[in-house]
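In the numbering used here, the protein residues as written are 164 to 578.
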Amino acid sequence: MSLGTVCVRAAGVERTVVEGVYVHPVEPVKVVSVRPDRRWQRRPRCGLCRKRAPLYDRGHRRRWRSLDDGLLRVYFEADLPRVACPEHGVVIAAVPWARHGAGHTIPFDEMVAWFAPGASKKLIAVLLRINWHTVGSILARVMTERDGQDGDRLTGVRRIGIDEVSFAKGQKYLTVVVDHDTGRLLYVVEGRSKKTVHGFFDLLGAERARALTHVSADGAEWIAAVVGERAPNAALCLDPFHVVKWAQDALDEVRRQVWNDARRAGMKALTGQLKDARYALWKKPEGLTERQQAKLSLIQTANKPLYRAYLLKEQLRKVFAPGGPERVRLLDAWLAWACRSKLKPFVKLARTIRDRRADIANALAHRLTNARGEAMNTKIRLIIRRAYGFRSVEALRAMILLCLAGYTRPLPGRT
């Protein structure tokens, strides 16, 4: 077996001929001069679309980083011609050992993609001797190709959850779509607006959108409006956690109003009793400490409106306890009580819930929440924290898809 064959097999590339090998006398660098085999050279292709195209010129000579050979950094070096593509014009020709526009060989890219989901940035940078920002560009390149190779991830989707997650300061968000049945991430894109949700349904297609049976989401109008328009047969289920969160916000508004009124009236005893009462009012009764139970008993005696607000919050939480259609009747009873409560925040909340009653009833009837989407968001936040060095949102998106979209990346050379 020739030295050239050994170099090609060690690098994990195909349809490549070695013309020469040079090892630097001082630096730990090995340069392998290569060219495509004759069959590849006779059929030049566009680097973008991979369609056959006539040769335009000989181009220039360049290098690609390959997998290390022991302690030696290995580079492939070759002439890179250009072709005249009918669709893309004059572009660099495709080569068998690297993706278009890449500075690394395909096995090197695959090695980085295999390490990235589980390794720290420092480990990858030290082990493979590359910059962390290079990892981001490699992942974006690999995932773009993988999306095209693996076919359609949206086939057979019936129940989905739509949510958003913050990824940077300054109100920067990602729109996330998850499959309730498989737990896979289906879609992630920068932004949170009707446009981003429309983008998912454009990718899904009209026929498969009509086949959706359930969509879970929070109370965001930009989600509900698009789902109602693009998925008319799907039952929109409003996440119970967010509904209870609305009640907690209303309760907190009542608490602040009562405290401010007592402070203005000079009622120091009442303001002292309401001090540090937030957690006693927010927590579930079974999770209260003895001190918090005492605080709640004091509120029950000293301020009836605030205690009524607390009972309204707790009753709404119990509406979403395990059960069946009777829970919808409990919701209607709660709405009637809230409207008669004479507490403006809860009267306003009752109007909001009544407007979304059908979506809440769907969640109660089908027992579908956005819990899987929230769990996915937790994983995404962990990835965001680990990938904070990425300067590109596309690189971050590629990392998220690589980890959560159900892809399996084999280690190069292993089956």
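Backbone N, C-alpha and C fix where the C-beta goes; we use that ideal spot for every residue, glycine too. Predicted model, so just to flag it, every value in this text is computed and none were measured.
Please confirm whether I269 and F278 have their CB atoms less than 7 Å apart. no
Any beta-carbon of chain D closer than 7 Å to the one on Q204? Judged by its chain identifiers, the structure shown contains no chain D, having just a single protein chain.
Paired residues, beta bridge with R426 - DSSP: Beta-bridge pairing links R426 to no other residue.
For P199: DSSP bridge partner residues: T179
With 16 other Cβ atoms within 10 Å as the buried cut-off, status of Y473: buried
What are the boundary residues of the beta strand (DSSP E) that includes L337? K335 to D342
Looking at L527 and R490, is the spacing between their C-beta atoms short of 7 Å? yes
Tell me which residues share the same chain as E327 and place their Cβ nearer than 6 Å to its Cβ, disregarding the 5 neighbours each side in the sequence. Y336, T338 and R355
Every unbroken alpha helix (DSSP H) within the region 243-323, with a cutoff of 4 residues, ordered by chain: 269-278, 284-291 and 295-312
Residue(s) in a DSSP beta bridge with I325: V340
Can you list the alpha helix (DSSP H) stretches of 4 or more residues lying completely in the region 523-562, in chain order? 534-549
Measure the alpha-carbon distance for D220 versus P244 and round it to whole angstroms. 6 Å
Between A413 and L512, is the Cβ-Cβ spacing less than 7 Å? yes
Can you list, in chain order, the residues of its chain with a C-beta nearer than 6 Å to that of K357? Leave out the 5 residues immediately preceding and following it. W385 and V389
Quick one: give me the first and last residue of the beta strand (DSSP E) that D220 is part of. L218 to D232
Would you tell me roughly how many angstroms separate the C-alpha atoms of A265 and I301, rounded to the nearest one? 8 Å
At least three beta-carbon pairs within less than 8 Å, the region 227-242 to the region 204-218: no
H377 in three-state terms, based on DSSP: strand
In this structure, does DSSP put V360 in helix, strand or coil? helix
Do you know offhand how far L459's Cα is from P508's? 20 Å
I'd like the list of long-range same chain contacts for T307, defined as Cβ closer than 8 Å, with 5 residues on each side in sequence excluded. A561
Take the Cβ of A410 as the centre, count every other Cβ of all protein chains shown within 10 Å, and call the residue buried at 16 or more, exposed below. buried
Can you name the residues that DSSP bridges to E353? L337
Does the structure place the region 395-409 close enough to the region 454-468 that three or more beta carbon pairs sit under 8 Å? no
Please state if the CB of V176 and the CB of W260 are separated by a distance shorter than 7 Å. yes
On the DSSP bridge assignment, give the partners of A331 in chain order. K335
Note down the Cα distance separating E353 from F330, rounded to an integer number of angstroms. 9 Å
May I ask you to report which of helix, strand or coil DSSP gives R393? helix
Between the Cα of V378 and the Cα atoms of V180, D365 and D342, which residue gives the shortest distance? D342
Less than 7 Å separating the beta-carbons of L469 and V417? yes
Top-ranked residue by Cα proximity to R202, from A501, R544 and R178: R178
In the DSSP assignment, what are the bridge partners of E190? Bridge partners of E190: none, in fact.
CB L375 to CB A398, shorter than 7 Å? no
So, under 8 Å CB-CB, A558 and G299 are touching, yes? Tell me the CB distance rounded to an integer number of Å. 3 Å
Let me know the secondary structure DSSP gives F509 once reduced to three states. helix
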